Amino acid sequence: MKLKFLIPLLLFVILVGFLAIGLNRDPHELPSPLIGKPAPAFQVPQLEQANKTFSPESLKGQVWILNVWASWCVACREEHPMLLQLSKAQIAPLIGLDYKDQRDDALAMLARQGNPYTLSAFDGNGRVGINYGVYGVPETYVIDKAGIIRFKQIGPITTEILHQKIYPLINELKKS
Numbered sequence: 000m001k002l003k004f005l006i007p008l009l010l011f012v013i014l015v016g017f018l019a020i021g022l023n024r025d026p027h028e029l030p031s032p033l034i035g036k037p038a039p040a041f042q043v044p045q046l047e048q049a050n051k052t053f054s055p056e057s058l059k060g061q062v063w064i065l066n067v068w069a070s071w072c073v074a075c076r077e078e079h080p081m082l083l084q085l086s087k088a089q090i091a092p093l094i095g096l097d098y099k100d101q102r103d104d105a106l107a108m109l110a111r112q113g114n115p116y117t118l119s120a121f122d123g124n125g126r127v128g129i130n131y132g133v134y135g136v137p138e139t140y141v142i143d144k145a146g147i148i149r150f151k152q153i154g155p156i157t158t159e160i161l162h163q164k165i166y167p168l169i170n171e172l173k174k175s
């Protein structure tokens, strides 16, 4: 008789436990299988100069940031002031990856809102984004001197993320 009462109570307690764990997690912190692994290699045209290319290989030996964005992305426009702030700090090269976009639209957005990027690469067909496991834009990666991905931010960078995660991580990676 008591067992019939205890089983539903036990199941309820377990369910509440899972719910509490889920509510305490940040939905932007999805585990990425690329953390701790080499950043995928690629070579694509630059956004501003289509006759020139960009490859991450050119940044080996430097800590750098890859920000995946698009002109059609509302969250990217919201994030843009943070990228301008990050660019002014000159803590690391900020490389943009214009993802599944139209070149003219992307250039117009940067002309309107300011260009925070050291350089922007153009991923018109989205293949580079797929190799990086992009869920949706914006996404930001911190890549160390050896070309290893050390951090992935899904969604817009906020002041808190910039000051509590990205800046400290970059400073630490520069020391090593």
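Take the sequence shown: its position 52, counted from the start at 1, is 51 in numbering that gives the first Met the number 0, and no numbers get skipped.
Note that beta-carbon positions come from the ideal geometry of N, C-alpha and C, so glycine has one too.
Source: prediction; values computed, not measured.
Length of the line joining the Cα atoms of residue i and residue j
i	j	result
residue 102	residue 144	30 Å
residue 57	residue 120	13 Å
residue 82	residue 13	42 Å
residue 171	residue 55	21 Å
residue 146	residue 132	16 Å
residue 96	residue 159	23 Å
residue 76	residue 20	32 Å
residue 50	residue 43	10 Å
residue 156	residue 104	22 Å
residue 151	residue 106	25 Å
residue 123	residue 46	10 Å
residue 34	residue 140	9 Å
Nonlocal neighbours in the same chain, by C-beta distance under 6 Å from residue i, ignoring five residues either side
i	result
residue 100	69, 70
residue 142	38, 63, 148
residue 138	67, 153
residue 79	112
residue 108	70
Secondary structure of residue i, DSSP reduced to three states
i	result
residue 95	strand
residue 51	coil
residue 45	strand
residue 3	helix
residue 58	helix
residue 83	helix
residue 32	coil
residue 170	helix
residue 177	Because the chain spans 0 through 175 in this model, residue 177 falls outside it and cannot be assessed.
residue 113	coil
Residue i classed as buried or exposed, judged by whether at least 16 other C-beta atoms fall within 10 angstroms
i	result
residue 17	exposed
residue 7	exposed
residue 32	exposed
residue 3	exposed
residue 59	exposed
residue 128	buried
Which residues DSSP lists as bridging residue i, in chain order
i	result
residue 17	In DSSP, residue 17 forms no bridge with anything.
residue 138	67, 153
residue 148	142
residue 121	97
residue 37	147
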